[in-house]
Each structure stands twice: as structure tokens, then as C-alpha cells.
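Notes for the one structure printed next.
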Amino acid sequence: LLTPQRALLHKQQSQPLLQLPMGAKAKEVTEEMREKREERARRRRLQAARKAERARPDHRRLTRTHKAKVRALRDARGRPARAPWSLPSAATASPSPPRGFRRPRPPPPAAPARPPSPARPGCGNAKRYSCAQTGRPLCSLGCYRRNLQLLQSAG
Numbered sequence: 001l002l003t004p005q006r007a008l009l010h011k012q013q014s015q016p017l018l019q020l021p022m023g024a025k026a027k028e029v030t031e032e033m034r035e036k037r038e039e040r041a042r043r044r045r046l047q048a049a050r051k052a053e054r055a056r057p058d059h060r061r062l063t064r065t066h067k068a069k070v071r072a073l074r075d076a077r078g079r080p081a082r083a084p085w086s087l088p089s090a091a092t093a094s095p096s097p098p099r100g101f102r103r104p105r106p107p108p109p110a111a112p113a114r115p116p117s118p119a120r121p122g123c124g125n126a127k128r129y130s131c132a133q134t135g136r137p138l139c140s141l142g143c144y145r146r147n148l149q150l151l152q153s154a155g
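For the sequence shown, the residue numbers in the UniProt record's numbering are 1 to 155.
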């Protein structure tokens with residue numbers, strides 16, 4: 001129960017309080033007035049109950065949309081691909097190698113490829129740039145100048 005409803009219920013169950021004389025006469029409550037008050041209180045309670053009922057689906061809708069958002073985020077991240085697998089059965093048979101059989105060893109990993117050396121003869125530095133005109137690998141400004149000299153002498 002809500003606090004106002006609890007107060008109304010408590011008011012109905014409690015005894016009327018003794019009134020101190022204040023000079024103003026208490027209003028006489030007729031049976032008809034009491035019935036009207038009770039009717040109004042009953043209507044308020046019904047309206048509050050209806051309002052609470054209408055609010056519940058909104059809560060369910062909100063939680064449903066929240067769950068959908070969480071699921072969409074999880075799907076957007078992507079799930080790892082599952083490896084295919086099968087259970088052995090009477091219909092399938094897998095050959096097993098004979099005892100003492102050695103499987104071939106996988107080849108050792110290849111050494112990492114060396115970066116191409118620059119076009120300048122005798123330069124042992126690693127490539128850092130490429131010439132925009134010739135596309136040859138270069139390591140420094142000196143290599144670039146030498147490359148241009150070779151280009152002009154050839155052309």
C-alpha cells in the first residue's frame with residue numbers, strides 16, 4: 001500500500017479523537033456526507049490501482065528494450081567462430097595410425113624476411129624510404145641524391 005492509502009485505512013480503523021473546545025463548533029457529519037467521502041476515497045484508490053497497472057507494462061517494455069540493446073552490443077562485438085566437431089558413433093569410424101608410427105614434424109618457422117637494401121651500391125643500411133620518381137628503396141638523403149645522380153646520368 002502507498003502511504004496515503006495506509007493513512008486512509010488507518011483513519012478508518014482508528015477511533016475519533018477527542019476535540020478540545022476551540023470556540024468553533026465542529027461540523028456535523030451526516031450519514032450522506034460520510035458515504036460521499038468513502039465513495040471519493042474508493043475512487044481514488046481505484047484510480048491509483050489503475051495507474052499502477054498501466055505503469056507496469058512500461059517497466060516491462062523498458063527492461064525488454066534494455067536487454068535487446070545489450071544483446072545487440074554483444075552481437076556487434078562478434079562471437080569467436082566455433083570449431084566444427086563431431087561425436088564418434090557406430091556409423092562413423094576414424095582410422096588410427098599403427099603403434100610406433102611417427103608423424104612428420106612440421107617445418108621450422110621461416111626466418112623473417114630482410115628488408116631490401118637501398119639502391120646505392122655499398123650501402124648496408126635498411127630501407128626507410130622509397131623514391132617517388134623511381135620507386136627504389138632509400139635509407140637517407142644521401143641515398144636519395146645518389147639515386148637522382150644515377151637517374152640523370154642514365155637519362
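We treat Cβ as the ideally placed atom computed from N, Cα and C, and that holds for glycine.
Residue i to residue j span [Cα, whole Å]
i	j	result
Glu35	Ala52	26 Å
Ala111	Thr134	29 Å
Leu8	Lys67	39 Å
Leu138	Gly122	12 Å
Arg37	Lys27	14 Å
Tyr144	Ser153	14 Å
Assumed close pair residue i, residue j - CB separation to whole angstroms, cut-off 8 Å
i	j	result
Asn147	Arg136	6 Å
Leu2	Ala72	Going by Cβ atoms, the distance from Leu2 to Ala72 rounds to 37 Å, so no, they are not a contact pair.
Residue interval of the alpha helix (DSSP H) (run including residue i)
i	result
Gly142	141-154
Beta-carbon proximity of residue i to residue j, cut-off 9 Å
i	j	result
Arg45	Gln5	yes
Pro97	Arg103	yes
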